[in-house]
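Residue numbers for the sequence shown follow the UniProt record's numbering, so the first one is 1 and each next one is one higher.
Backbone N, C-alpha and C define an ideal beta-carbon position, used for all residues, glycine too.
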Amino acid sequence: MRRTLPAFLLFTCASLFLLAFFSLHLSRTTDLIHHFPITLADDRHHSIAIRDQPLPTPHRTRHDVSSLTNSSSTAISTVSVLLPSWEILLIVSPETPLPSAGGNTYVCLFQNNDTSDARLSKPLPFTNRTTLACPMPNRVKRLRPFHQPVLAKSSDKDTLAPGSNSPELLVRWSFMVYESFSTEDDVVLFAKGLNNRQGVNRPPAEFRCLFGDINNKNAVRTAVTSSVQEVFRCHHPNLTDVNFNEKLIKISLEIVDGNVVVPSVAYYTFRPPMETTTSAGATEIATTVGTTEIQQNNLNEVCVCTMVYNVAKFLKEWVIYHSKVGVDRFILYDNDSDDGLESVVKELNDEGYNVTTLFWVWPKTQEAGFSHGALYARRTCKWVAYIDVDEFVFAPNLWAQSDQPSKHMLKSLLPENNHNNTVVGQVSIKCNDFGPSNQKYHPAEGVTQGYTCRRRFEQRHKSIVRLDAVDDSLVNVIHHFKLKKGYRTRQLSMEKGVVNHYKYQAWPEFQTKFRRRVSAYVVDWMQALNPQSKDRTPGLGFQPVEPKGWAEKFCEVRDERLKMLTQRWFGSHTPDGYRMVWQS
Numbered sequence: 001m002r003r004t005l006p007a008f009l010l011f012t013c014a015s016l017f018l019l020a021f022f023s024l025h026l027s028r029t030t031d032l033i034h035h036f037p038i039t040l041a042d043d044r045h046h047s048i049a050i051r052d053q054p055l056p057t058p059h060r061t062r063h064d065v066s067s068l069t070n071s072s073s074t075a076i077s078t079v080s081v082l083l084p085s086w087e088i089l090l091i092v093s094p095e096t097p098l099p100s101a102g103g104n105t106y107v108c109l110f111q112n113n114d115t116s117d118a119r120l121s122k123p124l125p126f127t128n129r130t131t132l133a134c135p136m137p138n139r140v141k142r143l144r145p146f147h148q149p150v151l152a153k154s155s156d157k158d159t160l161a162p163g164s165n166s167p168e169l170l171v172r173w174s175f176m177v178y179e180s181f182s183t184e185d186d187v188v189l190f191a192k193g194l195n196n197r198q199g200v201n202r203p204p205a206e207f208r209c210l211f212g213d214i215n216n217k218n219a220v221r222t223a224v225t226s227s228v229q230e231v232f233r234c235h236h237p238n239l240t241d242v243n244f245n246e247k248l249i250k251i252s253l254e255i256v257d258g259n260v261v262v263p264s265v266a267y268y269t270f271r272p273p274m275e276t277t278t279s280a281g282a283t284e285i286a287t288t289v290g291t292t293e294i295q296q297n298n299l300n301e302v303c304v305c306t307m308v309y310n311v312a313k314f315l316k317e318w319v320i321y322h323s324k325v326g327v328d329r330f331i332l333y334d335n336d337s338d339d340g341l342e343s344v345v346k347e348l349n350d351e352g353y354n355v356t357t358l359f360w361v362w363p364k365t366q367e368a369g370f371s372h373g374a375l376y377a378r379r380t381c382k383w384v385a386y387i388d389v390d391e392f393v394f395a396p397n398l399w400a401q402s403d404q405p406s407k408h409m410l411k412s413l414l415p416e417n418n419h420n421n422t423v424v425g426q427v428s429i430k431c432n433d434f435g436p437s438n439q440k441y442h443p444a445e446g447v448t449q450g451y452t453c454r455r456r457f458e459q460r461h462k463s464i465v466r467l468d469a470v471d472d473s474l475v476n477v478i479h480h481f482k483l484k485k486g487y488r489t490r491q492l493s494m495e496k497g498v499v500n501h502y503k504y505q506a507w508p509e510f511q512t513k514f515r516r517r518v519s520a521y522v523v524d525w526m527q528a529l530n531p532q533s534k535d536r537t538p539g540l541g542f543q544p545v546e547p548k549g550w551a552e553k554f555c556e557v558r559d560e561r562l563k564m565l566t567q568r569w570f571g572s573h574t575p576d577g578y579r580m581v582w583q584s
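Written out as structure tokens, the structure reads:
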């Protein structure tokens, strides 16, 4: 027993020491997770995966984001935003235009001296600020805290100070103001991390709009009048209170409880933006002077608005078809495509079509993008169809016997007269979802020709909305809007109008949907959450792996009505065989 007691005491002391050590480690880890909203995921790189959730409100940031730059003389002044999928968006400060690389590429230098190539992207449309994107190196993902990377020419990277000397990376995609739009009556802000659940919105009284630098005595606050989804409306500031020596005035939201300023990359424009369109379809924005009234008689009758990513190979068929049946203008919110979309848009515009692209880099913002589109298009469009590039509006009974398409076809689906003291402000059209139809690759003749087998029952609907009928909150559920009082929605029968949705395409095309779902309130498919969601594909798992028998799936009804009609309208015999007009 005399030998057993000392051994027992030694064992007890060692156990208490280990317990204290692990308790301290666990406490530090808990604090870290509280400060950085992250969860561990066993992905291919065994790295930490950031979930799309807001930063905790106790984080009271009062930084002027545009001033968070590296002090090195060869570094380029930027604002850094941590996006999903471990990508850093760098926005070049308006005071520092991006210098020519002179044959060099740009690189991002991180806090541990790791580097990654910076991909030059497109300018933000309303401030014309250049953007670049850098993937975060795997070793940097494990560091805490993150610091903003230093952007420079690749030839200058060896002369730069380490990225650890730059400020902490505080702007996370899950909690920030990312865009603004000025109307004649108010200012509309678009922000992540405040209304995180669909249908659950914080009261407007919880926020204020903040114009100018929080550290500047001239900063102006105005009341928020609407808070729905990611859209916030507030009053214009008193212009005499704003320092007009600044070309761009920063705008953000302030949470009243605690005076928390939401990090922002948005700027205020004094008047609603007016646009000119380049031959490539990109918009050039100028601010107006004075009031410009919307003249209903000068509006395009029907426009289309949608969000796109890498749809270059599909675009010509979609634009040509819908233009011939009555769409006057196409507005594409480009979610950072890299497949040559600009060249296809330029070709279409050169041929006389009216296609505009707006660079919309912000991920998982489809609802907000459509709200923005309802504002942006209001000066040029009366009705807007919110349909995707794989969706074709079709009137089976009315158009079936037509030898040629007509500009009046789509307009014939819209109301002419209103009854019962209410006005039709939205037309709802049901969808038929088409399957792969035994296609192994994208059909060269187009989706209307290649996909001819569909599901028996319709699943969803799409809408054509009258813009002056849209509720001021701009709330929408992907493809239909809440309307103002006094307006109603008309549902078309499937004999009068239907949307052919070429949803389940050949596997190489369909698997790109795993990249990221665009809706703010829909779980990405690679997350093992909400498996019964209607957004998910029946029989599909959580990885982009082709299911057995994919090419034969979702084939319950053979439907060649639109195929035959488009062949009659757009097909012809050539020495190379039968070809559609959109085939290159």
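Length of the line joining the Cα atoms of residue i and residue j
{"i": "R466", "j": "P547", "result": "41 Å"}
{"i": "V308", "j": "F314", "result": "11 Å"}
{"i": "S572", "j": "Q449", "result": "13 Å"}
{"i": "R579", "j": "F570", "result": "8 Å"}
{"i": "C431", "j": "R460", "result": "6 Å"}
{"i": "C303", "j": "L562", "result": "21 Å"}
{"i": "D350", "j": "N298", "result": "23 Å"}
{"i": "H147", "j": "L170", "result": "8 Å"}
{"i": "G577", "j": "L143", "result": "59 Å"}
{"i": "N138", "j": "S116", "result": "10 Å"}
{"i": "L151", "j": "I88", "result": "11 Å"}
{"i": "S93", "j": "L253", "result": "20 Å"}
{"i": "S154", "j": "I76", "result": "12 Å"}
{"i": "Y441", "j": "W507", "result": "7 Å"}
{"i": "T131", "j": "R233", "result": "26 Å"}
{"i": "E168", "j": "P97", "result": "23 Å"}
{"i": "R568", "j": "K364", "result": "39 Å"}
{"i": "I387", "j": "G446", "result": "17 Å"}
{"i": "R490", "j": "S402", "result": "25 Å"}
{"i": "R221", "j": "Y376", "result": "25 Å"}
{"i": "K141", "j": "D114", "result": "11 Å"}
{"i": "K513", "j": "Y451", "result": "18 Å"}
{"i": "E95", "j": "H479", "result": "39 Å"}
{"i": "E416", "j": "L492", "result": "14 Å"}
Residue burial classification, residue i (beta-carbon count within 10 angstroms, cutoff 16)
{"i": "P99", "result": "exposed"}
{"i": "E184", "result": "exposed"}
{"i": "G373", "result": "buried"}
{"i": "A385", "result": "buried"}
{"i": "F330", "result": "buried"}
{"i": "R454", "result": "buried"}
{"i": "V200", "result": "exposed"}
{"i": "P58", "result": "Any answer about P58 is weak, because its pLDDT of 33 lies below 50 and its placement is not dependable; what the coordinates show is given next. That one is exposed."}
{"i": "E293", "result": "Residue confidence for E293 is low, a pLDDT of 43 falling below 50, so the modelled location carries little weight and cannot support an answer."}
{"i": "residue 585", "result": "Since the first residue shown for the chain is 1 and the last is 584, residue 585 is missing from the structure and cannot be characterised."}
{"i": "Q404", "result": "exposed"}
Beta-carbon separation (whole angstroms), residue i vs residue j, contact threshold 8 Å
{"i": "P436", "j": "Y353", "result": "29 Å between Cβ atoms; not a contact."}
{"i": "N392", "j": "Y321", "result": "The displayed chain sequence assigns Phe, not Asn, to residue 392. Between Y321 and F392 the Cβ distance is about 6 Å, and since that is below 8 Å, they are a contact."}
{"i": "residue 586", "j": "I91", "result": "Residue coverage of the chain in this structure runs from 1 to 584, which leaves residue 586 outside it and unanswerable."}
{"i": "R208", "j": "A223", "result": "7 Å"}
{"i": "L414", "j": "V327", "result": "About 12 Å separates the two Cβ atoms, so there is no contact after all."}
{"i": "L160", "j": "L109", "result": "5 Å"}
{"i": "N397", "j": "K496", "result": "6 Å"}
{"i": "Y267", "j": "I255", "result": "Not a contact, Cβ separation roughly 20 Å."}
{"i": "residue 616", "j": "W173", "result": "Because the chain in this structure spans residues 1 to 584, residue 616 falls outside the shown range and cannot be described."}
{"i": "V475", "j": "Q229", "result": "6 Å"}
Beta-ladder partner(s) of residue i, from DSSP
{"i": "E546", "result": "E546 is not bridged to any residue."}
{"i": "K430", "result": "H461"}
{"i": "T222", "result": "C209"}
{"i": "F392", "result": "N500"}
{"i": "N476", "result": "F481"}
{"i": "S180", "result": "L189"}
{"i": "H573", "result": "Y578"}
{"i": "Q491", "result": "S428"}
{"i": "Y106", "result": "A118 and K153"}
{"i": "residue 591", "result": "Residue 591 falls outside the range modelled here, since the chain spans only 1 to 584, and no answer is possible."}
{"i": "N300", "result": "C381"}
{"i": "A133", "result": "L89 and R119"}
{"i": "M307", "result": "Y333"}
{"i": "C453", "result": "R558"}
Near the ligand SAM: residue i beta-carbon under 7 Å from a heavy atom
{"i": "H501", "result": "No copy of the ligand SAM appears in this structure; indeed no ligand is present at all."}
Worksheet entry | Stretch pair the segment 425 to 437 + the segment 469 to 486: three plus CB contacts closer than 8 Å | yes
Worksheet entry | Any 3 or more C-beta pairs closer than 8 Å across the segment 169 to 180 and the segment 191 to 209 | yes
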